[in-house]
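Novice: The structure that follows is given in the form of structure tokens.
Residue numbers (the numbering used here), protein chains in the order written: chain A, 1 to 58; chain B, 1 to 167.
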């Protein structure tokens with residue numbers, strides 16, 4: 001496996017862990033609009049990430 | 001061209017990620033948060049800042065007559081500017097104020113905390129004739145500027161002190 005793919009994997013895992021931690025600690029304080037926008041951005045993030053890997057040929 | 005298009009998806013992914021982080025910081029973390037600790041009897045109850053977001057919830061504390069209730073009100077200022085407000089604490093029953101407990105100004109520096117403590121003696125507003133058949137509830141109203149916090153004090157049934165029969 002290429003080393004850069006391992007780095008990709010680590011980077012994505014760490015980013016998701018960071019978001020998970022923030023969600024666990026602060027999502028209860030978010031306003032309704034904040035929660036909706038966060039949800040939309042999360043969906044968008046995974047969608048664009050999927051398109052990126054699709055364009056890589058995976 | 002394909003590389004450019006591919007990189008756009010990556011940049012949009014990163015932009016969404018930064019947007020999520022920014023929302024959690026600016027909407028979830030920054031602001032004014034208050035924590036209230038109530039000690040009645042041997043129990044200390046902590047009311048976290050997120051409790052007040054759920055407006056349908058009411059916090060109730062069981063207290064005995066002639067018992068002291070200790071309150072500790074902490075204001076956490078997570079803003080880049082200082083925060084100041086007048087804090088007033090009073091006891092109410094049936095929409096009528098019966099006792100003023102506290103009135104003072106509060107000044108909290110940026111990213112700092114301030115705490116206000118006070119003690120409520122239930123003997124100060126105990127009615128002259130208290131019967132175990134009647135249920136008593138009081139509201140402790142904490143006003144911090146335009147923000148109001150309400151705690152319901154549920155008075156435990158009063159126990160008659162029955163004198164020992166003569167021998």
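Backbone N, C-alpha and C define an ideal beta-carbon position, used for all residues, glycine too.
Give me the residue from B:89, B:105, B:104, B:106 with the minimum Cα distance to residue 98 of chain B.
Specialist: As a first step, residue 98 of chain B is located in the second chain; it is residue number 98 there, counting from the start. The residue with the shortest Cα to Cα distance from residue 98 of chain B is B:89.
Novice: Mind checking if residue 10 of chain A is an interface residue toward chain B, Cβ cutoff 9 angstroms exclusive?
Specialist: For the purposes of this step, residue 10 of chain A is taken as residue 10 along the first chain, with counting starting at 1. So no, residue 10 of chain A is outside the interface.
Novice: With residue 47 of chain B as the anchor, note down where its beta strand (DSSP E) starts and where it stops.
Specialist: Within the second chain, the letter at position 47 stands for residue 47 of chain B. Element bounds for residue 47 of chain B: 43-47.
Novice: In its own chain, which residues sit with a C-beta less than 6 angstroms from the C-beta of residue 149 of chain B, not counting the 5 before and 5 after it?
Specialist: Translated into positions along the second chain, residue 149 of chain B becomes position 149. Once the five neighbours on either side are set aside, the close Cβ partners of residue 149 of chain B are 142.
Novice: To the nearest angstrom, report how far apart residue 158 of chain B and residue 126 of chain B are at their CA atoms.
Specialist: As a first step, residue 158 of chain B must be located in the second chain, where it is residue number 158. As a first step, residue 126 of chain B must be located in the second chain, where it is residue number 126. Distance between the alpha carbons of residue 158 of chain B and residue 126 of chain B: 11 angstroms.
Novice: What does a CB cutoff of less than 8 angstroms around residue 103 of chain B pick up in its chain, not counting 5 residues either side in sequence?
Specialist: Position 103 of the second chain, counting from 1, holds the residue named residue 103 of chain B. Excluding residues within five positions, the ones whose Cβ falls inside 8 angstroms are 86, 87, 88, 89.
Novice: Measuring CA to CA, which of B:9, B:58, B:119, B:77 is closest to residue 154 of chain B?
Specialist: Walking along the second chain from the start, residue 154 of chain B turns up at place 154. Nearest C-alpha to residue 154 of chain B: B:58.
Novice: Can you have a look at residue 23 of chain B and say buried or exposed, based on whether 16 or more other CB atoms are within 10 angstroms of its CB?
Specialist: Against the second chain, residue 23 of chain B aligns to sequence position 23. So residue 23 of chain B counts as buried.
Novice: Determine, using beta carbons only, whether residue 181 of chain B comes closer than 9 angstroms to chain A.
Specialist: No answer is possible for residue 181 of chain B: the residues shown for chain B start at 1 and end at 167.
Novice: Would you mind listing the beta strand (DSSP E) stretches within the region 91-161 of chain B that are 3+ residues and don't spill past its ends, in chain order?
Specialist: Listed in chain order, the complete beta strand (DSSP E) runs (minimum 3 residues) inside the region 91-161 of chain B are 96-108, 112-121, 136-144, 147-155.
Novice: Measuring only the C-alpha atoms, how far is residue 31 of chain B from residue 78 of chain B?
Specialist: Within the second chain, numbered from 1, the residue matching residue 31 of chain B stands at position 31. Within the second chain, numbered from 1, the residue matching residue 78 of chain B stands at position 78. If you take the alpha carbons of residue 31 of chain B and residue 78 of chain B, they lie about 5 angstroms apart.
Novice: I'd like to know whether the C-beta of residue 28 of chain B is nearer than 9 angstroms to at least one C-beta of chain A.
Specialist: In the second chain, counting from the first residue as 1, residue 28 of chain B sits at position 28. It does; some Cβ of chain A falls within 9 angstroms.
Novice: What's the call for residue 82 of chain B, buried or exposed, on a 16-neighbour Cβ count within 10 Å?
Specialist: Looking up residue 82 of chain B in the second chain gives position 82. Looking at its Cβ environment, which holds fewer than 16 other Cβ atoms inside 10 Å, residue 82 of chain B is exposed.
Novice: Does the beta carbon of residue 14 of chain A come closer than 9 angstroms to any beta carbon on chain B?
Specialist: Locating residue 14 of chain A in the first chain gives position 14, counting from the first residue. No, no contact with chain B.
Novice: Any beta-carbon of chain D closer than 9 angstroms to the one on residue 4 of chain A?
Specialist: Annotation note: the requested chain D is absent from the structure, which comprises protein chains A and B.
Novice: In angstroms with no decimal places, state the Cα-to-Cα distance between residue 61 of chain B and residue 107 of chain B.
Specialist: Counted from its first residue, the second chain places residue 61 of chain B at position 61. Counted from its first residue, the second chain places residue 107 of chain B at position 107. Those two C-alpha atoms are separated by around 28 angstroms.
Novice: Going by C-alpha distance, which of B:147, B:111, B:70 is nearest residue 45 of chain B?
Specialist: Counting from one through the second chain, the residue named residue 45 of chain B turns up at place 45. Taking only the C-alpha atoms, the option nearest residue 45 of chain B is B:70.
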